[in-house]
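Trainee:
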Amino acid sequence: MPHDHHDHSPIEIDEGRPEEAQVLAEALRELLIEKGLFTAEDMNNQVLAMSKRTPGNGAAIVARAWTDVAYKARLLSDGPAAAREMGFDIGPAQLLVVENTPDVHNVIVCTLCSCYPVLLLGPSPEWYKSKNYRKRTVYEPREVLKEFGTVLPHKEVRVHDSTADMRYMVLPERPEGTEGWSEDQLAGLINVDSLIGVTEANSPA
Amino acid sequence: MSASRFSVGERVKVATRNPTGHMRTPQYCRGHEGTVERICGKFPNPEQLAYGKNGLPAQTLYRVRFEQQKLWPAYAGPAKDSIEIEIYDHWLEPVGS
Chain A
114 MPHDHHDHSP
124 IEIDEGRPEE
134 AQVLAEALRE
144 LLIEKGLFTA
154 EDMNNQVLAM
164 SKRTPGNGAA
174 IVARAWTDVA
184 YKARLLSDGP
194 AAAREMGFDI
204 GPAQLLVVEN
214 TPDVHNVIVC
224 TLCSCYPVLL
234 LGPSPEWYKS
244 KNYRKRTVYE
254 PREVLKEFGT
264 VLPHKEVRVH
274 DSTADMRYMV
284 LPERPEGTEG
294 WSEDQLAGLI
304 NVDSLIGVTE
314 ANSPA
Chain S
771 MSASRFSVGE
781 RVKVATRNPT
791 GHMRTPQYCR
801 GHEGTVERIC
811 GKFPNPEQLA
821 YGKNGLPAQT
831 LYRVRFEQQK
841 LWPAYAGPAK
851 DSIEIEIYDH
861 WLEPVGS
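If you read the sequences in order, they're chains A and S.
Per our numbering, the very first residue in the first sequence carries number 114; after that it's consecutive.
Per our numbering, the very first residue in the second sequence carries number 771; after that it's consecutive.
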């Protein structure tokens, strides 16, 4: 379609002067490529691989677990193998999947830094890395959950402080009213918040 | 797993030590008692790896469950609330019966 009305000012690409860190990063990248430590193609492949790390991966695993009881059992007993089964190779990392039940709600925090299974959950949200979240989730988890709209008076709230070699993902409870849904449909109810455990899975609209 | 010093379900106490440097046992659980929830395997000691050492011998890593009300005197939630923390063998002590 021709774009022949001009009621906005022309789009300008002006990002200003690059930050010092950007200049340094670019210089370093060019040097590493020039010295043959890796190629520009390696670099592009890595960027592509990183862009594929999204919470959609964790959501696909959860949707499979919701629809396949045997898979769920494998996921809870051997997280890395079950992730690999779905095509997500988490390498030498450990993965513990903790299951929400009618009695227990799990929530993940790393008080030491911000440890987290990036391949399955995507880059961690800013709030997950904040001192506020890391500090308060261990001693007032219910207050933190309330700020995310999650109020669970009848459940045990179980916090997992990820300070060492394990990485965690929450397996939320399957929402009611989703009987007969496909894995793709179910995966749409899960986001990074419910995989960390600050919310439950979304309910069907 | 038979070589592990503690078994699942056993009561353990976190050492009360305050060494300087890179430590993986959070301050807030030191000196507290909990229950071994799971044995995660053996891993090179990250408190040594952090200083360029090899972290060997590998340390058994436990997940220990604590009652929130015991950790935090002012804890506002119910008694059933818990927290699970990964703790390496060298930070744990047996609890006398």
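Backbone N, C-alpha and C fix where the C-beta goes; we use that ideal spot for every residue, glycine too.
Once the 5 residues before and after Arg951 (chain S) are set aside, which same chain residues still bring their CB inside 7 Å of it?
Mentor: Given that chain S is displayed from residue 771 to residue 867, the structure contains no residue 951 (chain S) and the question cannot be resolved.
Trainee: Flag Gly847 (chain S) as yes if its beta-carbon sits less than 8 Å from any beta-carbon of chain A, otherwise no.
Mentor: Locating residue 847 (chain S) in the second sequence gives position 77, counting from the first residue. Yes, its Cβ sits closer than 8 Å to a Cβ of chain A.
Trainee: Report the option in S:Gly791, S:Ile809, S:Thr786 whose CA atom is closest to the CA atom of Tyr798 (chain S).
Mentor: Taking the second sequence and counting its residues from 1, one reaches residue 798 (chain S) at position 28. Nearest of S:Gly791, S:Ile809, S:Thr786 to Tyr798 (chain S), Cα basis: S:Thr786.
Trainee: Do you know whose CA, among A:Asp306, A:Cys226, A:Ile203, lies nearest Leu232 (chain A)'s CA?
Mentor: Here residue 232 (chain A) refers to the residue found at position 119 when the first sequence is read from its first residue. For Leu232 (chain A), the nearest C-alpha among the options comes from A:Ile203.
Trainee: Tell me which residues share the same chain as Arg247 (chain A) and place their Cβ nearer than 7 Å to its Cβ, disregarding the 5 neighbours each side in the sequence.
Mentor: As a first step, residue 247 (chain A) must be located in the first sequence, where it is residue number 134. Val222, Cys223, Thr224.
Trainee: Within the present structure, is the beta-carbon of Ser852 (chain S) separated from the nearest heavy atom of the ligand MG by less than 7 Å?
Mentor: In the structure on display, the ligand MG does not appear, and there are no ligands present to speak of.
Trainee: Is Arg271 (chain A) buried or exposed, if buried means 16 or more other CB atoms sit within 10 Å of its CB?
Mentor: On the first sequence, residue 271 (chain A) is found 158 positions in, with the first residue counted as 1. Result: buried.
Trainee: For the putative contact between Ala846 (chain S) and Arg280 (chain A), defined by C-beta atoms under 8 Å, what is the C-beta separation to the nearest angstrom?
Mentor: Taking the first residue of the second sequence as 1, we reach residue 846 (chain S) at position 76. Taking the first residue of the first sequence as 1, we reach residue 280 (chain A) at position 167. Not really, about 29 Å apart at Cβ, beyond 8 Å.
Trainee: In this structure, how does DSSP classify Arg833 (chain S) when only helix, strand and coil are distinguished?
Mentor: In the second sequence, counting from the first residue as 1, residue 833 (chain S) sits at position 63. Strand.
Trainee: Could you list which residues in chain S have their beta carbon closer than 8 Å to that of Glu292 (chain A), in chain order?
Mentor: Translated into positions along the first sequence, residue 292 (chain A) becomes position 179. Per Cβ cutoff of 8 Å: no residues; Glu292 (chain A) is ~30 Å from chain S at best.
Trainee: Could you name the residues of the region 249-264 of chain A whose beta carbon sits closer than 8 Å to any beta carbon of chain S, in the order they occur along the chain?
Mentor: The residues in question are Val251, Tyr252, Glu253, Pro254, Arg255, Glu256.
Trainee: What three-state label does DSSP hand Gly290 (chain A) in the structure shown?
Mentor: Here the question's residue 290 (chain A) lines up with position 177 in the first sequence. Here Gly290 (chain A) sits in coil by DSSP.
Trainee: Output yes or no for whether 8 Å exceeds the beta carbon distance between Ile303 (chain A) and Ala314 (chain A).
Mentor: Residue numbering aside, residue 303 (chain A) sits at position 190 when the first sequence is read from its first letter. Residue numbering aside, residue 314 (chain A) sits at position 201 when the first sequence is read from its first letter. Yes.
Trainee: Output, in chain order, the set of chain A residues within a Cβ distance shorter than 7 Å of Leu831 (chain S).
Mentor: Position 61 of the second sequence, counted from the first residue, corresponds to residue 831 (chain S). Under the 7 Å cutoff, chain A gives Ala277, Asp278.
Trainee: Return helix, strand or coil for Val778 (chain S), following the three-state DSSP convention.
Mentor: Walking along the second sequence from the start, residue 778 (chain S) turns up at place 8. In this structure, Val778 (chain S) counts as coil in the three-state DSSP scheme.
Trainee: What are the residues in the region 835-861 of chain S lying within 9 Å of chain A by C-beta distance?
Mentor: Those residues of the region 835-861 of chain S that come within reach of chain A (Cβ to Cβ, closer than 9 Å) are Arg835, Gln838, Leu841, Trp842, Ala844, Tyr845, Ala846, Gly847, Pro848, Lys850, Asp851, Ser852, Ile853, Glu854, Ile855, Glu856, Ile857, Tyr858.
Trainee: Going by other Cβ atoms of all chains shown within 10 Å of its Cβ, with 16 needed for buried, is Met70 (chain A) buried or exposed?
Mentor: Limits of chain A in this structure are 114 at one end and 318 at the other, which puts residue 70 (chain A) out of reach.
Trainee: Could you give the distance in angstroms between the alpha-carbon of Val264 (chain A) and the alpha-carbon of His218 (chain A)?
Mentor: The residue you call residue 264 (chain A) lines up with position 151 of the first sequence. The residue you call residue 218 (chain A) lines up with position 105 of the first sequence. So the two alpha carbons sit approximately 10 Å from each other.
Trainee: Kindly indicate if chain S contains any beta-carbon less than 8 Å away from that of Glu212 (chain A).
Mentor: Within the first sequence, residue 212 (chain A) is the residue found at index 99, counting from 1. No - not a single Cβ of chain S is within 8 Å of the one on Glu212 (chain A).
Trainee: If the cut is a Cβ gap below 7 Å, which residues of chain S does Leu284 (chain A) touch?
Mentor: For the purposes of this step, residue 284 (chain A) is taken as residue 171 along the first sequence, with counting starting at 1. Result: empty, since nearest Cβ-Cβ is about 15 Å, beyond 7 Å.
Trainee: From Arg287 (chain A) to Leu209 (chain A), what does the alpha carbon distance come to, in whole angstroms?
Mentor: On the first sequence, position 174 is the one that residue 287 (chain A) refers to. On the first sequence, position 96 is the one that residue 209 (chain A) refers to. If you take the alpha carbons of Arg287 (chain A) and Leu209 (chain A), they lie about 19 Å apart.
Trainee: Which residue from A:Thr312, A:Gly192, A:Thr276, A:Pro230 puts its Cα closest to that of Pro168 (chain A)?
Mentor: As a working note, residue 168 (chain A) is residue 55 in the first sequence. The residue with the shortest Cα to Cα distance from Pro168 (chain A) is A:Pro230.
Trainee: Starting from the beta carbon of Asp191 (chain A), find every residue of chain S whose beta carbon is closer than 8 Å, and list them in chain order.
Mentor: In the first sequence, residue 191 (chain A) corresponds to position 78, counting from 1. By Cβ distance, chain S contributes nothing, its closest Cβ being about 12 Å from Asp191 (chain A), past 8 Å.
Trainee: Measuring only between beta-carbons, confirm whether Thr312 (chain A) sits less than 8 Å from chain C.
Mentor: Among the protein chains in the structure shown, which are A and S, there is no chain C.
Trainee: Which residues in the same chain have their Cβ closer than 7 Å to the Cβ of His860 (chain S), if we skip the five residues on either side of it in sequence?
Mentor: In the second sequence, the residue the question calls residue 860 (chain S) occupies position 90. Around His860 (chain S): Gln829.
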